[in-house]
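In what follows, a single structure is set out as structure tokens and then discussed.
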Amino acid sequence: MVTKKDIKFINSLKHKKFRHLNSSFIVEGKKSIAEFLDSDYELIKLFSVDCSIFNKIKNQIKIDKSLLRKISFLINPDDHLAIFKLSDAKPINNNNLIIALESIRDPGNLGTIIRTCEWFGIKDIICSMNSVDCYSPKVIQSAMGSVSRVNITYLDLDTYLKSTKTIKIGASLNGKSIYQHNKSLDNGIIVFGNEANGISSGLFKLMDFNLSIPRFQNNNFPESLNLASSVGIILGEIKRKSI
Numbered sequence: 260m261v262t263k264k265d266i267k268f269i270n271s272l273k274h275k276k277f278r279h280l281n282s283s284f285i286v287e288g289k290k291s292i293a294e295f296l297d298s299d300y301e302l303i304k305l306f307s308v309d310c311s312i313f314n315k316i317k318n319q320i321k322i323d324k325s326l327l328r329k330i331s332f333l334i335n336p337d338d339h340l341a342i343f344k345l346s347d348a349k350p351i352n353n354n355n356l357i358i359a360l361e362s363i364r365d366p367g368n369l370g371t372i373i374r375t376c377e378w379f380g381i382k383d384i385i386c387s388m389n390s391v392d393c394y395s396p397k398v399i400q401s402a403m404g405s406v407s408r409v410n411i412t413y414l415d416l417d418t419y420l421k422s423t424k425t426i427k428i429g430a431s432l433n434g435k436s437i438y439q440h441n442k443s444l445d446n447g448i449i450v451f452g453n454e455a456n457g458i459s460s461g462l463f464k465l466m467d468f469n470l471s472i473p474r475f476q477n478n479n480f481p482e483s484l485n486l487a488s489s490v491g492i493i494l495g496e497i498k499r500k501s502i
């Protein structure tokens with residue numbers, strides 16, 4: 260039976276403060292839930308309209324479809340909503356290629372970036388402390404299960420970049436064309452800045468070199484690419500050169 264306490268708790272997890280206070284977050288949809296169940300994340304509770312789909316899960320509660328619609332964070336909710344425990348922080352592997360994100364604001368962008376990074380074999384993503392929370396329901400939804408497999412670390416990006424000897428590459432409008440960069444990159448940190456302002460001047464000074472995606476239009480429109488698209492283009496070209 261779904262209690263008022265359950266509903267209140269689920270509603271509280273819309274907010275970052277309560278997600279981290281209670282070390283819990285929401286995953287919705289059969290496919291995403293199945294992927295988190297197959298990972299190191301610990302299931303706290305599963306609410307299902309049809310309990311036969313996950314019939315081996317013991318801590319599963321049947322829920323009415325109309326009630327699920329009310330408590331769901333989605334416009335078109337699936338028949339399943341799960342609460343998982345937040346994962347403990349894992350060490351960053353500096354021997355691999357790493358993506359670092361500064362002041363990312365849009366949950367959809369972050370979710371798509373996480374999913375794109377997994378596609379290209381990126382194991383670690385570093386986010387500045389003021390970036391959107393990767394456990395936000397919108398990030399979880401747009402990442403489509405990839406949060407369960409990509410190691411995402413939040414830290415002081417300035418301090419980290421100053422302390423590491425790993426090569427640092429900035430994604431910038433003023434960098435060398437990614438298509439003219441002929442060296443393969445098996446390791447290093449590629450830094451992407453805020454959607455509106457790019458990499459801050461403080462971090463920009465720490466870059467060993469910068470890469471850009473050239474515009475093939477002769478006019479000056481559009482002014483920029485979507486951040487998630489930029490990550491995909493740069494990673495695709497880097498991986499192509501490593502084949």
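Going by the numbering used here, the first residue of the sequence shown is number 260, and it counts up by one from there. Backbone N, C-alpha and C fix where the C-beta goes; we use that ideal spot for every residue, glycine too. Given the structure is predicted, the values throughout are model-derived calculations rather than measurements.
Have a look at Ile-510 and Ser-501 and give me their C-alpha separation to the nearest angstrom.
Beyond the ends of the chain as shown, which are 260 and 502, falls residue 510; an answer cannot be given.
In angstroms with no decimal places, state the Cα-to-Cα distance between Ser-425 and Leu-302.
Sequence check: residue 425 is Thr here, not Ser. The alpha-carbon atoms of Thr-425 and Leu-302 are separated by roughly 36 Å.
Just the C-alpha distance for Leu-420 and Gly-461, rounded to the nearest angstrom, thanks.
Whole-angstrom Cα-Cα distance: 11 Å.
For the structure I just gave you, are there three or more beta carbon pairs, one from the stretch 468-486 and one from the stretch 427-437, closer than 8 Å?
Output reads yes: the stretch 427-437 touches the stretch 468-486.
Considering only C-alpha positions, which residue in the set His-339, Thr-423, Gln-439, Asn-314 is nearest to Ile-493?
When only C-alpha atoms are compared, the closest one is Gln-439.
When the Cα of Phe-268 is compared with those of Tyr-300, Gln-476, Ile-330, Ile-316, which residue comes out closest?
Minimum Cα distance to Phe-268 is reached at Ile-330.
Looking only at its own chain, which residues have a Cβ that is under 6 Å from the Cβ of Tyr-413, when we skip the five neighbours before and after it?
Closer than 6 Å at Cβ, skipping near neighbours: Cys-386, Met-388.
Using only alpha-carbon positions, find the residue among Asp-392, Phe-480, Lys-498 that is nearest to Asn-441.
That would be Lys-498, whose Cα lies nearest to the Cα of Asn-441.
C-alpha distance - Asn-368 paired with Val-409, whole-angstrom precision
For Asn-368 and Val-409, the gap between their C-alpha atoms comes out near 16 Å.
Determine the direct distance from the alpha carbon of Leu-305 to that of Asn-352, and round the result to whole angstroms.
Rounded to the nearest angstrom, the two C-alpha atoms are 33 Å apart.
According to DSSP, simplified to helix, strand and coil, what is Phe-343?
Correct three-state label for Phe-343: strand.
Taking the alpha helix (DSSP H) that Phe-295 belongs to, which residues open and close that run?
For Phe-295, the uninterrupted alpha helix (DSSP H) run begins and ends at 289-296, by DSSP.
Please return the same chain residues whose Cβ sits closer than 6 Å to the Cβ of Ile-411, not counting the five positions on each side in sequence.
Closer than 6 Å at the Cβ level, and outside the excluded window around Ile-411, lie Ile-384, Cys-393.
Val-286 vs Ile-399 beta-carbon contact at 7 Å:
In this structure, Val-286 places its C-beta atom within 7 Å of the C-beta atom of Ile-399.
Taking C-beta to C-beta, are Phe-295 and Ser-459 nearer than 7 Å?
Their beta carbons are not under 7 Å apart, which means Phe-295 does not touch Ser-459 by this criterion.
Glu-377 vs Ile-437 beta-carbon contact at 7 Å:
No, the Cβ-Cβ distance between Glu-377 and Ile-437 is not below 7 Å.
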